[in-house]
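The structure under discussion appears below in the form of C-alpha cells.
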Amino acid sequence: MSNTPLTPGIVPGRLIAEAYASNFDDLEPALDGHEAHVAADRCYFCHDAPCMTACPTSIDIPLFIRQIATGTPEAAAKTIWDQNILGGMCARVCPTEQLCEEVCVREMAEGKPVEIGRLQRFATDRVMAAGVHPFTRAVPTGKKVAVVGAGPAGLAAAHRLALHGHDVVMMDRNEKPGGLNEYGIASYKAPHDFAQAEVEWLLKIGGITVQTGVELGRDVSLDSLRAEYDAVFLGIGLAGVNALRAVGEDVAGVRDAVDFIAELRQQPDKEKLPIGRDVVVIGGGMTAVDAAVQSRLLGAQNVTIVYRRGQEKMSASVHEQDHAQQVGVRIICNAAPVEVIGKGGTVSAVEFAYTEDGPDGLKLLDDTFTLTADQVFKAIGQTLVAPDGMAGPKLDLQPLARVWTGGDCAAGGEDLTVTAVAEGRDAAEAIHASFGA
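This is how it looks when you write it as C-alpha cells:
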C-alpha cells in the first residue's frame with residue numbers, strides 16, 4: 182500500500198461501490214463466436230501482409246485470422262503463440278492502432294481496420310480457458326539457464342528455452358512473476374488477474390523454476406550466475422524513476438505514477454484506494470495516461486496531464502490520448518513544472534512555465550500558470566538501476582560471455598510488452614544456438 186500520508190483531499194471511497202466494478206472491468210468486451218467469424222471475414226488475407234510486417238513479433242496474422250474464419254481457433258492460437266507466447270496479454274495491451282491495424286488494407290480503404298487485436302484475444306482466450314498448452318517440451322539437454330526478471334522478456338525467453346529442452350531458473354525481485362504485465366498495466370486493460378493466469382498457463386511447458394523475492398545485486402551477483410549456469414538472460418526492466426527537478430517535489434502527496442499503478446494492480450478492492458480531488462499527472466507517455474485515467478475511474482473530479490512538449494510528441498498513442506479525454510482527463514502541452522507548492526506539509530498546487538521547443542532544445546518561457554492539486558503523479562520516465570556497477574542508460578554486455586539481455590533494460594524503455602516478448606524470444610534462440618544445437 183501507499184506510504185503517502187492521507188490528507189483531507191486524498192481519500193478512498195469517492196464513488197458508490199458498484200461504480201468500481203464497472204470502471205475497472207474490461208475496457209473492450211471479448212468477441213463471441215459469431216462476432217469473431219464476422220470480424221475475421223473482413224480480412225483480405227493479403228499475400229504481402231503489411232500487418233505481419235508491422236508486428237514486432239511477426240505473427241502470421243492472415244493465417245491465424247483465416248483459421249478463425251474456418252472454425253479452428255485452436256490452430257489460430259497456436260499460430261499466435263508460435264511467435265508470441267504472451268499473445269493473450271498483447272491482445273489486450275498492444276497499441277494495435279499504431280502497429281498491425283494501422284497498416285491494415287481495410288484501414289487504408291475504409292478507415293476501419295480488421296480488429297486484429299480482438300481476434301487475437303478471441304483465439305488465445307478460447308484455448309487458455311480450456312486449459313490447453315499446445316507445446317511439448319523437447320528432450321532435456323542438461324543445459325541450465327538463469328533468467329533474471331520475470332517480466333515479458335524473461336517469460337518469453339524462459340518458455341522458448343524450456344521448449345528447446347533446457348532447464349530454466351527464473352528469478353524476480355517482486356512477490357509475483359509477470360513484471361510489467363502484473364505491476365505496470367492499467368487495471369481495466371487486464372482485469373480478473375489475467376496476468377497471473379497467463380503466467381500459470383505459460384509454465385505448463387515444464388522445466389521452469391520460478392524464484393520470487395530474488396534481486397540481482399542484492400541476493401545474487403552476475404558473476405555467481407555466470408559461474409553456476411550455462412547462460413544468463415537479463416530482463417530486469419527499469420527500476421529507477423527520473424526526478425522531477427522542480428522545487429518542492431518531495432512534499433507529501435507527490436509520488437511516482439508507476440508505484441500508483443502497481444498499487445492499483447495489487448488491490449482487489451478499488452474502493453479502498455485513496456485518490457485526490459484535484460490530480461495532476463506530469464508526463465506524456467502510457468504511464469501518464471494510465472495514471473490519469475485510473476485517477477478518474479477512482480473518482481477524482483479534476484485530472485490534468487501536463488506534458489512539456491507538443492501533443493504530437495507524446496509517446497502515448499493518439500488512441501490512448503483520446504480515451505483519456507473521453508473519460509474527462511484534460512491534457513495541457515508545452516508546459517513544464519517549476520515548483521510544487523506545499524501547504525501544511527502537503528501539496529496544494531503546481532506552478533508550470535510554458536515551454537518553447539526549438540532547434541536548441543526546450544526553453545522555459547516567463548509565462549507561467551498554476552494548477553490546484555492535492556495529489557501529483559510523476560510519469561516522466563524510468564531509468565536503469567544497473568547491477569554490479571554497470572552503467573545505464575542501457576546494459577552493455579558485449580565484454581561478458583554467455584550473457585544476453587532484452588526488454589526495457591536493453592532498449593532503454595520502449596515500454597511495449599510485444600517488443601519485450603520479441604527480444605526475449607530471440608535471445609532464447611541465440612542462447613539455444615550457442616549450445617551448438
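So that you can map any letter, position 219 of the sequence shown is 400 in our numbering, and since no number is skipped, the others follow by simple counting. The beta-carbon is built from N, C-alpha and C at its ideal position, and this holds for glycine as well. Treat the numbers as computed from the prediction; the structure is a model and nothing was measured.
CB contact flag (residue i, residue j, <7 angstroms)
{"i": "Tyr369", "j": "Phe616", "result": "no"}
{"i": "Ala217", "j": "Phe303", "result": "yes"}
{"i": "Gly416", "j": "Gly587", "result": "yes"}
{"i": "Phe550", "j": "Ala472", "result": "no"}
{"i": "Phe316", "j": "Ile389", "result": "no"}
{"i": "Val295", "j": "Cys285", "result": "yes"}
{"i": "Thr598", "j": "Pro333", "result": "yes"}
{"i": "Gly457", "j": "Ala438", "result": "no"}
{"i": "Ala505", "j": "Val528", "result": "no"}
{"i": "Pro358", "j": "Ala338", "result": "no"}
{"i": "Val461", "j": "Val508", "result": "no"}
{"i": "Thr485", "j": "Arg446", "result": "no"}
Whole-angstrom distance between residue j and residue i, CA atom to CA atom
{"i": "Trp262", "j": "Gly360", "result": "19 angstroms"}
{"i": "Gly525", "j": "Leu425", "result": "21 angstroms"}
{"i": "Pro540", "j": "Lys494", "result": "15 angstroms"}
{"i": "Ala497", "j": "Glu278", "result": "12 angstroms"}
{"i": "Phe414", "j": "Ala611", "result": "11 angstroms"}
{"i": "Ser401", "j": "Gln502", "result": "Note that residue 401 is Val in the sequence shown here, rather than Ser. For Val401 and Gln502, the distance between alpha carbons rounds to 41 angstroms."}
{"i": "Asn355", "j": "Val395", "result": "8 angstroms"}
{"i": "Ala408", "j": "Asn265", "result": "31 angstroms"}
{"i": "His215", "j": "Gln248", "result": "14 angstroms"}
{"i": "Ala608", "j": "Asp555", "result": "45 angstroms"}
{"i": "Pro630", "j": "Asn423", "result": "Residue coverage of the chain in this structure runs from 182 to 618, which leaves residue 630 outside it and unanswerable."}
{"i": "Cys590", "j": "Leu479", "result": "31 angstroms"}
{"i": "Pro210", "j": "Lys293", "result": "18 angstroms"}
{"i": "Glu379", "j": "Arg477", "result": "28 angstroms"}
{"i": "Asp213", "j": "Ile366", "result": "25 angstroms"}
{"i": "Leu383", "j": "His373", "result": "17 angstroms"}
{"i": "Ala516", "j": "His228", "result": "46 angstroms"}
{"i": "Gly464", "j": "Thr253", "result": "43 angstroms"}
{"i": "Thr393", "j": "Ala534", "result": "44 angstroms"}
{"i": "Met352", "j": "Ile442", "result": "22 angstroms"}
{"i": "Met182", "j": "Glu288", "result": "Because Met182 sits at a pLDDT of 43, beneath the cut-off of 50, its placement in the model cannot be relied upon, and the following sentence gives the value as read from the coordinates. Going from the Cα of Met182 to the Cα of Glu288 covers about 43 angstroms."}
Residue i - DSSP class collapsed to helix/strand/coil
{"i": "Glu278", "result": "coil"}
{"i": "Asn362", "result": "helix"}
{"i": "Gln507", "result": "helix"}
{"i": "Glu520", "result": "strand"}
{"i": "Tyr225", "result": "coil"}
{"i": "Gly457", "result": "strand"}
{"i": "Ile612", "result": "helix"}
{"i": "Met182", "result": "The predicted model places Met182 with a pLDDT of 43, which falls under 50 and marks its position as unreliable; any figure quoted below should be read in that light. Looking at Met182 - three-state DSSP - the assignment turns out to be coil, as it is neither helix nor strand."}
{"i": "Gly464", "result": "coil"}
{"i": "Asn483", "result": "strand"}
{"i": "Leu597", "result": "coil"}
{"i": "Val395", "result": "coil"}
{"i": "Glu622", "result": "As displayed, the chain neither begins before 182 nor continues past 618, which places residue 622 out of reach and without an answer."}
{"i": "Met270", "result": "helix"}
{"i": "Gln448", "result": "coil"}
{"i": "Val499", "result": "helix"}
Contacts around residue i, its chain only, beta-carbon distance under 6 angstroms, and the 5 residues preceding and following it disregarded
{"i": "Val308", "result": "Glu255 and Ala258"}
{"i": "Asp245", "result": "The sequence shown places Phe at residue 245, rather than the Asp named in the question. Hits under 6 angstroms: Ala257, Thr260 and Ile261."}
{"i": "Ala220", "result": "Glu296 and Leu300"}
{"i": "Val320", "result": "Gly346"}
{"i": "Thr322", "result": "Gly346 and His347"}
{"i": "Arg490", "result": "Asp538"}
Per DSSP, cross-strand counterpart(s) of residue i
{"i": "Arg436", "result": "Phe558"}
{"i": "Ile386", "result": "According to DSSP, Ile386 bridges with nothing at all."}
{"i": "Gly539", "result": "Gly542"}
{"i": "Ala530", "result": "Ile522 and Thr553"}
{"i": "Asp207", "result": "Paired residue(s): none; Asp207 is not in a bridge."}
{"i": "Met352", "result": "Val329 and Gln392"}
{"i": "Ala443", "result": "None, per the DSSP bridge assignment."}
Residues near residue i by beta carbon distance below 8 angstroms, same chain, minus five either side
{"i": "Glu520", "result": "Ala427, Val428, Gly429, Val531 and Glu532"}
{"i": "Ala343", "result": "Arg318, Val349, Ile386, Gly387, Gly388 and Ile389"}
{"i": "Leu581", "result": "Leu403 and Arg407"}
Same chain only: Cβ atoms within 7 angstroms of residue i, ignoring 5 sequence neighbours per side
{"i": "Ile242", "result": "Ala230, Cys232, Met233, Cys236, Cys281 and Ile297"}
CB contact check: residue i to chain D, cutoff 7 angstroms
{"i": "Tyr225", "result": "Of the chains in the structure shown, none is chain D; there is only one protein chain."}
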